[in-house]
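Residue numbers (the working numbering), protein chains in the order written: chain D, 2 to 323; chain F, 2 to 323.
This is the structure in structure tokens:
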């Protein structure tokens, strides 16, 4: 297992956070770095909200609501209700305890701290062993093209419940954004790269759009790059990945998801339910393995993480003997 | 009763808020304007907190915790606990629902709204009929001199529990602060002025230190100015008024409190328990009346308000016939 350390995982929201928990449990303390999408970030009520960072943090800290996967367990919404009474928007469901994270982040950013630094402080306070890095400290915003016009990501995702038909996606600010020194170092030192089962278009897509990350992950070093499919049996466990793949002309399958990541990928873990696709993977030149990939509890998260790391060792072994 | 309208009441925290509730109940809708101390305001967690405005608002809206008098009924402190874990200060007890008020105020101020405008918005959202006005939109900060050095007001009041000996008080920024147009208009139109039973030094003191308010309230127009004693039987119902009067060389009594307000005052309502002081009041030339002045429920708040307004009518009658 030590050969696979340090590990860098790329993650979006809930699915990514779950595998991050599994990886943290499977790896030695300090071995895991999670690079997280921030193109979903938004400002509401004057507060800087980083939904994917929060989901990853809360999951790693054991604070998350395991039912919905985001937010804090048993949190209430009294503040949001009163903010609504004051005329503020309530479609983005901020919890009362959760509010502390947004308040603290906003305060520290306004004091001049970088998002990377603030995230490290929050994680340290929550006793998180893994390193959680925002993909960039620069503002990047996912914009979703629909027949009715371009939408902010959270407007599409939460306010409109992913109902609009998606005709395109762009990452505003990605061209001028740069990977942070922390992200550069993590990628340089990484012995294994993991793509969590996050939406390849709007969760991993923005991360791979950042200069420095994109190039770093394209390089075929002796460093296995293993992904996990967010698509099982032609559907996503949560979120709009399936509809999005379809409307953007991709195959709605584990293979379709892998194809999007192709130039950054050595191998892909798919669900047992999709084992019939293994031949197609072989045909398309992407190594694949089938495994139980639904993560319902800590042991299934850890088991999937172990599977990913074993796969990486297997590839590393072949590379060194091949 | 109509003769007493419009009424302007000056208020600090809990005692002031209680009489404001009584006045609002006793007067026709829209007749009451409350000018509130903002020299206790502070910034914590990057949020602009106006404790006295909040106490007056929450009481007028029927949201307040009737036990402690400030904050929102049955509120929890999950956000504050997490802010504490993040390294933020927790000595100032912000409630979860309460947090919405600070978040909204901070947002609107950062957008360029004046504190007066923000307060009007919050009150309107809370269906408050009375007009609640911050004493000024300029920053004014009460500083408390102690043998150990000068302290910020909330540091003295909350963090140190009013334990330090007070050798002096100053209102930083008061010299350059100005009354708002809204305060000017309210004072110009007022037919009755009421000084709520708030600390005369650190609650009413800052309001009376503001240019425009001070001069306006010194004028002896045909407009009764009636105060209510915050001191009953040589003690304050809450807060450090008694200790402060003593250490600053005032008589610790209803008369001592009235003397501080003397140049702004025509008459003073004292508690029945202090009826023996009526002769001293007569001797010192301040009209006084004894009444039940402990406000435990709505009916006692309204009864005291009625007493104050009756006293004002009485003075008005004497002035017009005198």
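Glycine is no exception: its CB is placed at the ideal position from the N, C-alpha and C atoms. Computed from a predicted structure; not experimentally measured.
Within 8 Å (strictly less), CB to CB, does residue i reach chain F?
i             : result
residue 36/D  : no
residue 46/D  : yes
residue 100/D : yes
residue 80/D  : yes
residue 94/D  : no
residue 104/D : yes
residue 108/D : yes
residue 62/D  : no
residue 111/D : yes
residue 83/D  : yes
If we count the other Cβ atoms within 10 Å of its Cβ and call it buried at 16 or more, is residue i buried or exposed?
i             : result
residue 222/F : exposed
residue 231/D : buried
residue 308/F : buried
residue 219/D : exposed
residue 92/F  : exposed
residue 298/F : exposed
residue 4/F   : exposed
residue 284/D : exposed
residue 111/F : exposed
residue 63/D  : exposed
residue 125/F : exposed
residue 155/D : buried
residue 254/D : buried
residue 216/D : exposed
residue 12/D  : buried
residue 17/F  : buried
residue 160/F : exposed
residue 166/F : exposed
Can a CB atom of chain D be found closer than 8 Å to the CB of residue i?
i             : result
residue 54/F  : no
residue 21/F  : no
residue 66/F  : no
residue 88/F  : yes
residue 155/F : no
residue 42/F  : no
residue 306/F : no
residue 310/F : no
residue 126/F : yes
Please report how far the alpha carbon of residue i lies from the alpha carbon of residue j, in whole angstroms.
i             : j             : result
residue 256/F : residue 65/D  : 58 Å
residue 193/D : residue 117/F : 57 Å
residue 226/F : residue 107/F : 34 Å
residue 133/D : residue 145/D : 26 Å
residue 163/D : residue 43/D  : 17 Å
residue 37/D  : residue 95/D  : 20 Å
residue 19/F  : residue 57/F  : 8 Å
residue 287/D : residue 89/F  : 49 Å
residue 270/F : residue 105/D : 46 Å
residue 246/D : residue 153/F : 58 Å
residue 276/D : residue 240/D : 23 Å
residue 258/D : residue 100/D : 34 Å
residue 280/D : residue 310/D : 22 Å
residue 82/F  : residue 189/D : 38 Å
residue 214/D : residue 178/D : 11 Å
residue 84/D  : residue 122/F : 12 Å
residue 235/F : residue 278/F : 11 Å
residue 264/D : residue 289/D : 15 Å
residue 74/F  : residue 268/D : 56 Å
residue 292/F : residue 195/F : 15 Å
residue 24/F  : residue 30/F  : 10 Å
Kindly indicate which residue of the options has the alpha-carbon position closest to the one of residue i.
i             : options                    : result
residue 60/F  : 198/F, 15/F, 117/F         : 15/F
residue 41/F  : 218/F, 296/F, 175/F, 105/F : 175/F
residue 10/D  : 289/D, 204/D, 321/D        : 204/D
residue 168/D : 148/D, 128/D, 90/D, 87/D   : 148/D
residue 238/D : 112/D, 211/D, 272/D, 320/D : 272/D
residue 187/F : 71/F, 283/F, 137/F, 77/F   : 137/F
residue 185/F : 17/F, 27/F, 35/F           : 35/F
residue 210/F : 229/F, 197/F, 195/F, 262/F : 262/F
residue 171/D : 161/D, 52/D, 150/D, 180/D  : 150/D
residue 86/D  : 55/F, 54/F, 128/F          : 128/F
residue 325/D : 229/D, 139/D, 224/D        : Any question about residue 325/D goes unanswered here, given that chain D covers just 2 to 323.
Compute the beta-carbon to beta-carbon distance between residue i and residue j, rounded to the nearest angstrom, for a pair I have assumed lies under 8 Å.
i             : j             : result
residue 173/D : residue 142/D : 4 Å
residue 97/D  : residue 68/D  : Their Cβ separation, rounded to whole angstroms, is 17 Å, which puts residue 97/D and residue 68/D out of contact at 8 Å.
residue 33/D  : residue 8/D   : 5 Å
residue 233/D : residue 294/D : 7 Å
residue 26/F  : residue 306/F : 7 Å
residue 320/D : residue 197/D : The pair is not a contact, with the Cβ atoms about 23 Å apart (cut-off 8 Å).
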